[in-house]
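Participant:
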Amino acid sequence: MKKHLVAPSLLAADFTQLGKAISLVNESEADWFHCDVMDGRFVPNISYGMFIIEAIKREAKKPLDVHLMIVEPERYVDAFRKAGADIITVHYEACPHLHRVVGQIKESGARAGVALNPHTPIHLLEDLIEDIDLVLIMSVNPGFGGQKFIYQSIPKIRKLKELISMRNAKTLIEVDGGVGLQNAQKLLEAGVDVLVAGSSVFKAEDPKQAIAKLKNLGHEVAKFV
Ligand code: DX5
Ligand code: ZN
């Protein structure tokens with residue numbers, strides 16, 4: 223059985239201690255850094271942009287998974303790639319020409335992700351799924367960390383898994399929002415490949431251990447498969 227990935231979201235870290243948070247992730251069992259970019263237009267909140275991504279990249283020893291919650295992401299794809307993004311995820315809802323944007327991301331040398339808001343159905347990706355490296359299922363409404371997980375995301379993930387298997391695509395499934403030990407096992411069973419976790423990692427007493435616990439889920443299942 224293939225092991226899932228864990229991507230801690232730096233949004234929940236203490237930004238006066240960003241360097242420490244980066245070292246912690248470097249030394250942990252985490253696989254990627256999840257970086258949330260918010261523009262105050264696509265989502266109500268504003269977080270940070272390429273200047274911070276570029277700083278994270280200088281210290282990070284693992285790939286940067288950059289989640290763009292911005293309108294007109296095509297204007298910034300190349301800048302985020304230049305700043306150090308390894309995976310660039312844009313929102314379906316922000317891209318009237320999604321096929322073109324996915325191509326642009328790949329051309330930049332990054333892997334291309336597409337995120338779906340909680341109300342956006344899976345079937346809208348039917349004609350594009352083979353071209354996408356990763357689909358990010360938002361399990362909260364994007365814009366803020368620390369929100370309550372939306373349970374309808376689980377059947378949605380199953381549906382996406384079905385579509386990917388049916389097409390024999392290599393697309394990874396990532397879930398983002400309200401993820402922690404209380405639901406991670408169920409999410410993995412539904413077909414998730416990448417767990418994003420903000421609060422459940424950085425607000426934990428021992429964030430490194432919280433990452434290890436998320437990473438080591440599913441071991442018992444794996445042993446018997
Ligand atoms: C929300 C962001 C998430 C957020 C997750 O819009 O996309 O990545 O940081 O935070 P938690 O895990 O606290 O829900
Ligand atoms: Zn995110």
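Numbering (the working numbering), first residue to last: 223 to 447.
Even glycine gets a Cβ: it sits at the ideal position worked out from N, Cα and C.
Predicted, not measured: the structure shown is a model, and the values here were computed from it.
Looking only at its own chain, which residues have a Cβ that is under 8 Å from the Cβ of K224, when we skip the five neighbours before and after it?
Facilitator: Within the sequence shown, numbered from 1, the residue matching residue 224 stands at position 2. Here the set comprises D415.
Participant: On the DSSP letters alone, give me the boundaries of the alpha helix (DSSP H) that H321 sits inside.
Facilitator: In the sequence shown, the residue the question calls residue 321 occupies position 99. Segment 320-330, the alpha helix (DSSP H) holding H321.
Participant: Can S176 be considered in contact with ligand 2, in the sense that its beta carbon sits closer than 7 Å to one or more heavy atoms?
Facilitator: Nothing can be reported for residue 176: it is not among the residues displayed for the chain, which extend from 223 to 447.
Participant: Hey, R380 and G335 are a contact pair by Cβ (cut 8 Å); roughly how many whole angstroms apart?
Facilitator: Here residue 380 corresponds to residue number 158 of the sequence shown, with the count starting at 1. Here residue 335 corresponds to residue number 113 of the sequence shown, with the count starting at 1. Their Cβ separation, rounded to whole angstroms, is 19 Å, which puts R380 and G335 out of contact at 8 Å.
Participant: What's the C-alpha gap between R280 and I274?
Facilitator: Here residue 280 is taken as the residue at index 58 of the sequence shown, counted from 1. Here residue 274 is taken as the residue at index 52 of the sequence shown, counted from 1. Whole-angstrom Cα-Cα distance: 10 Å.
Participant: How is P295 classed by DSSP in three states: helix, strand or coil?
Facilitator: Stepping through the sequence shown from its first residue, residue 295 is reached at position 73. In this structure, P295 counts as helix in the three-state DSSP scheme.
Participant: Using 8 Å as the threshold, is the stretch 244-257 in touch with the stretch 419-430, meaning 3 or more CB pairs across them?
Facilitator: yes
Participant: Ligand 2: which residues have Cβ under 5 Å from any of its heavy atoms, chain order?
Facilitator: The filter returns D258, H289, D398, in chain order.
Participant: With distances taken between CB atoms, is the gap from I359 to R333 smaller than 8 Å?
Facilitator: Residue 359 sits at position 137 when you count from the first residue of the sequence shown. Residue 333 sits at position 111 when you count from the first residue of the sequence shown. Taking 8 Å as the Cβ cut-off, I359 and R333 do not qualify as a contacting pair.
Participant: Quick check: the Cα distance between V418 and K328, rounded to an integer number of angstroms?
Facilitator: The sequence position of residue 418 within the sequence shown is 196, counting from 1. The sequence position of residue 328 within the sequence shown is 106, counting from 1. If I take the Cα positions, the gap works out to 22 Å.
Participant: Cβ-heavy atom distance between S375 and ligand 1 below 7 Å?
Facilitator: The residue given as residue 375 occupies position 153 in the sequence shown. No; taking the cut-off as 7 Å, the Cβ of S375 has no heavy atom of ligand 1 nearer than that.
Participant: So, for I351: in the same chain, excluding its five sequence neighbours on each side, which residues have a beta-carbon less than 7 Å away from its beta-carbon?
Facilitator: Looking up residue 351 in the sequence shown gives position 129. So the list reads L385, I386, R389, A391, T393, once near-sequence residues are dropped.
Participant: Going by alpha carbons, who is nearest to S361 out of D355, D349, P340?
Facilitator: Along the sequence shown, one-based indexing puts residue 361 at 139. Nearest option by C-alpha distance: P340.
Participant: Where does D308 sit, in a helix, a strand or coil, going by DSSP?
Facilitator: As a working note, residue 308 is residue 86 in the sequence shown. DSSP places D308 in coil when its eight states are reduced to three.
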